[in-house]
Amino acid sequence: MIRLTDVYHSYSTGTRALRGVDLTIEDGEFVFLVGPSGSGKSTIVKLLTGELRPTSGKVLVNEFHTSKMKQSEVPYLRRTLGVVFQDFRLIERKTVYENVAFAMRIIGASPKVIKKRVSYVLDLVGILHKARRKPNELSGGEQQRVAIARALVNNPSVIIADEPTGNLDPDRSLEIMMLLEKIHSLGTTVLVVTHERELVDQFDKRVVAIDGGLIVSDKTGGYYRYEEI
Ligand SMILES: Nc1ncnc2c1ncn2[C@@H]1O[C@H](COP(=O)(O)OP(=O)(O)O)[C@@H](O)[C@H]1O
Ligand SMILES: [Mg+2]
4 MIRLTDVYHS
14 YSTGTRALRG
24 VDLTIEDGEF
34 VFLVGPSGSG
44 KSTIVKLLTG
54 ELRPTSGKVL
64 VNEFHTSKMK
74 QSEVPYLRRT
84 LGVVFQDFRL
94 IERKTVYENV
104 AFAMRIIGAS
114 PKVIKKRVSY
124 VLDLVGILHK
134 ARRKPNELSG
144 GEQQRVAIAR
154 ALVNNPSVII
164 ADEPTGNLDP
174 DRSLEIMMLL
184 EKIHSLGTTV
194 LVVTHERELV
204 DQFDKRVVAI
214 DGGLIVSDKT
224 GGYYRYEEI
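In this note's numbering, the protein residues as written are 4 to 232.
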């Protein structure tokens, strides 16, 4: 479960990125977090992954109180999360297979378990046939599938995707959203950050809207309209 309680975050520059955010996401939910550029979406993601601590308020992620956790505890929190970014963040000199396998090696999984699991997740995201390729031999949509496979490989309870379709054309974007929906249907909590209204409107999901560091709307089915608020 994810729970932010009266969360404020100010950067050292003085920018007040979050100004009292309350948000609960139950296990098994699929949620879109939407809002214009600079509204505080990525700041929320960074609070959830432990990259940032709130200036005040509470952040609870999968039993971890990230607001007061020690830096040494952050890796344990991260193991419960799979994070996907706009720019894929794959290792260019490693193959697709190695990019995904690496995430299991660093937590000490056995070679046998790694082989089976990596093949399974690459197949799940539809990229097993390109396992021996390097990232620069793939299209953007394919690279994002690899990044999603890597995020999934250690079986996290939550997937957080920050603008996962920001570098993709509309058809590829829809495919990636449908893949995240499929992953959700297999039992993972999914939080997708996006500002792409046309995409969100193609799904009947819970949509949390943020503007100016405040949650301004939380409802199911389609992007909020600015004129409604
Ligand atoms: N590292 C940073 N240092 C200072 N200000 C930042 C930093 N990151 C983001 N901000 C500012 O905080 C606000 C929220 O940013 P962000 O959470 O990245 O928004 P979004 O992801 O919705 O585009 C913006 O005004 C942005 O300029
Ligand atoms: Mg952002």
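Note that the Cβ used here is the ideal one computed from N, Cα and C, for glycine as well.
Please classify residue i: does DSSP put it in a helix, a strand, or coil?
i      : result
Ser142 : coil
Leu133 : Looking at the sequence itself, residue 133 is Lys, so the reference to Leu does not match. Here Lys133 sits in helix by DSSP.
Ala212 : strand
Ala150 : helix
Lys115 : helix
Ser160 : coil
Phe35  : strand
Lys97  : coil
Phe88  : strand
His198 : coil
Ile186 : helix
Ile109 : coil
Ser15  : coil
Thr25  : For the sequence presented, residue 25 should be read as Asp rather than Thr. Residue state, collapsed to three classes: strand.
Leu171 : coil
Mark residue i as exposed unless 16 or more other C-beta atoms lie within 10 angstroms of its C-beta, in which case mark it buried.
i      : result
Thr27  : exposed
Pro138 : buried
Glu230 : The pLDDT assigned to Glu230 is 49, lower than 50, so where the model puts this residue is not dependable; a value taken from the coordinates is nonetheless given after this. Exposed, by the Cβ-count rule.
Val64  : buried
Arg135 : exposed
Gln205 : exposed
Lys115 : exposed
Lys119 : exposed
On a CA-only basis, which of the options is nearest residue i? Give me that one, please.
i      : options                          : result
Ser15  : Val34, Arg56 and Ser40           : Arg56
Val193 : Asp174, Thr98 and Asn158         : Asn158
Leu177 : Leu202, Gly31 and Ser188         : Leu202
Asp165 : Asp174, Thr223, Leu183 and Gly60 : Leu183
Asp25  : Lys49, Gly60, Phe33 and Pro39    : Gly60
Asp207 : Gly225, Lys119 and Ala106        : Gly225
Asp172 : Ser142, Lys44, Asp9 and Val161   : Ser142
Leu3   : Glu95, Leu155 and Thr69          : In the structure as shown, the chain starts at 4 and stops at 232, and residue 3 therefore has no counterpart that could be examined.
Return the Cβ separation of residue i and residue j in integer angstroms, given the expectation that the two are a contact with Cβ distance under 8 Å.
i      : j      : result
Met72  : Gly53  : 7 Å
Arg175 : Val103 : Their Cβ separation, rounded to whole angstroms, is 20 Å, which puts Arg175 and Val103 out of contact at 8 Å.
Next on the checklist: Could you tell me which whole alpha helix (DSSP H) segments of length 4 or greater appear in the segment 39-84?
Outcome noted: Within the segment 39-84, the complete alpha helix (DSSP H) runs of at least 4 residues are 44-51 and 77-81.
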